[in-house]
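Everything in the sequence shown is counted per the numbering used here, starting at 40 for the first residue and increasing by one. The beta carbon of each residue, even a glycine, is placed where N, CA and C say it ideally should be. Since this is a predicted model, take the numbers as computed values, not measurements.
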Amino acid sequence: GRLVISGESVLTGEMFIGYIVIFANLINPAKSFANSYYFIQRGIASIERIEAILDAPIEIKENMDAISLKGFEQAIEYRNVSFNYQEDARVLHHINLRIEKGRMIAIVGPSGSGKSTLADLLPRFHDATEGEILIDGHNLRNLRTTSVRNLLGMVSQDPILFNDTVFNNIAFGVDNPNMDDVIRAAKVANAHDFIMKLDKGYHTAIGDRGSKLSGGERQRITIARAIYKNPPILILDEATSSLDTESEKLVQDALFKLMQNRTSIVIAHRLSTIQFADEIIVMQEGRIVERGNHSALIAKKGLYAKLVEMQAF
40 GRLVISGESV LTGEMFIGYI VIFANLINPA KSFANSYYFI QRGIASIERI EAILDAPIEI
100 KENMDAISLK GFEQAIEYRN VSFNYQEDAR VLHHINLRIE KGRMIAIVGP SGSGKSTLAD
160 LLPRFHDATE GEILIDGHNL RNLRTTSVRN LLGMVSQDPI LFNDTVFNNI AFGVDNPNMD
220 DVIRAAKVAN AHDFIMKLDK GYHTAIGDRG SKLSGGERQR ITIARAIYKN PPILILDEAT
280 SSLDTESEKL VQDALFKLMQ NRTSIVIAHR LSTIQFADEI IVMQEGRIVE RGNHSALIAK
340 KGLYAKLVEM QAF
């Protein structure tokens with residue numbers, strides 16, 4: 040048959056099939072072009088965000104003559120520490136706190152009371168606006184930041200994991216990691232059993248931010264990392280806040296194993312986590328309003344007793 044177009048062009052059956060074939064061959068390249076444009080736009084947006092970060096002023100400046108701290112022997116001390124974010128309202132007010140080596144300190148208080156900010160000053164994510172923080176008598180500003188952070192192990196409510204294998208996530212930041220040591224750390228963290236059920240065990244890729252794992256599994260990988268690093272100081276920031284009861288029990292057990300024979304700063308909302316602390320620091324609106332052990336604070340019938348009653352940490 041024939042197809043007459045505008046009374047002039049004639050499209051035969053063979054030509055029609057040819058056009059169909061040509062059109063079909065153009066569809067995928069056209070789709071690819073559209074997708075490429077989309078990814079280019081996303082890439083441009085990402086580059087703009089990266090440039091903004093790179094161009095941001097450096098808040099933490101290290102002294103040219105800063106020294107490295109080889110270990111932790113005595114105490115951490117906050118002396119009259121106050122802090123505010125840039126021009127914002129003050130977050131911490133005149134904090135005085137001494138944490139002796141080997142002790143467990145729990146920090147509790149209502150949401151927004153400054154608990155996490157207080158802990159974030161120790162690894163120098165920010166510098167105190169006023170006052171000073173010391174480790175073994177050395178002002179943080181006079182210490183190499185890397186040497187301070189090497190003393191710390193951190194477990195937060197949002198585990199920092201990478202799109203890599205279980206092994207590499209646990210051994211992250213350690214030179215020449217050893218599989219036997221990684222497995223030992225995972226066993227202490229109650230992680231070994233579920234790891235062995237993964238497709239490739241310790242060589243299984245866990246997805247971006249650990250997306251292929253449950254919340255409890257992600258936390259236990261993070262705890263295993265802290266155990267493997269074997270730091271003398273721990274900062275645990277609401278590490279069980281978003282877990283179901285079964286996962287929390289496993290993570291809680293792993294945390295208690297992790298804290299043995301270490302100096303621990305625990306920010307928690309679960310009574311089971313904090314009631315055995317050597318000292319409980321109660322914060323409200325950026326100030327320390329109470330301190331003592333669990334029994335003494337309950338007997339005082341102040342803010343801590345109310346928080347326990349409401350479980351409102």
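Residue interval of the alpha helix (DSSP H) (run including histidine 231): 231-235
Continuous beta strand (DSSP E) stretch holding phenylalanine 122: start and end: 114-123
At least three beta-carbon pairs within less than 8 Å, the region 321-330 to the region 136-156: yes
Under the three-state DSSP convention, the category leucine 297 falls into: helix
Cβ-Cβ separation, leucine 200 to isoleucine 274 (assumed contact under 8 Å), whole Å: Not a contact, Cβ separation roughly 17 Å.
Run of the alpha helix (DSSP H) containing methionine 218, from where it starts to where it stops: 218-227
Endpoints, beta strand (DSSP E) assigned at alanine 128: Element bounds for alanine 128: n/a, residue is neither H nor E.
Status (buried if at least 16 other CB within 10 Å, exposed otherwise) for glycine 110: exposed
Segment contact flag, the region 205-217 with the region 249-268, C-beta cutoff 8 Å, min 3 pairs: yes
Own chain, CB closer than 7 Å to leucine 157, minus 5 neighbours either side, in chain order: Leu131, Ile134, Ile146
Check whether leucine 182 and isoleucine 106 have beta carbons under 8 Å apart: yes
Within 8 Å, strictly: CB atoms of glycine 317 and isoleucine 144: Reading off the sequence shown, one finds aspartate at residue 317, where the question assumed glycine. Cβ distance < 8 Å, so aspartate 317 and isoleucine 144 count as in contact.
For isoleucine 44, the three-state DSSP class (helix, strand or coil): Unreliable positioning characterises isoleucine 44 in this predicted model, as indicated by a pLDDT of 48, which lies under 50. A coordinate reading is not provided.
Nearest-angstrom beta carbon gap, leucine 289 and asparagine 229 [assumed within contact, 8 Å]: 5 Å
Spatially closest choice to glycine 148 from Ile320, Lys339, Lys340, Ala91, by CA coordinates: Ile320
Buried or exposed by the 16-neighbour rule on C-beta atoms within 10 Å, applied to histidine 242: exposed
Element boundaries [alpha helix (DSSP H), containing methionine 349]: 342-349
Span of the beta strand (DSSP E) around serine 32: Since the displayed the chain opens at 40 and closes at 352, residue 32 lies outside it and no answer follows.
Alanine 278 versus glutamine 258: straight-line alpha-carbon distance, rounded: 7 Å
Closest by C-alpha distance to proline 271, when choosing among Glu101, Ile138, Arg88, Tyr76: Ile138
Backbone CA spacing between asparagine 189 and alanine 225 [nearest angstrom]: 20 Å
Glycine 141 versus glycine 192 - alpha carbon distance: 14 Å
CB of valine 305 within 8 Å of CB of isoleucine 266, strictly: no
Inter-residue Cα distance where the pair is leucine 336 and aspartate 220: 41 Å
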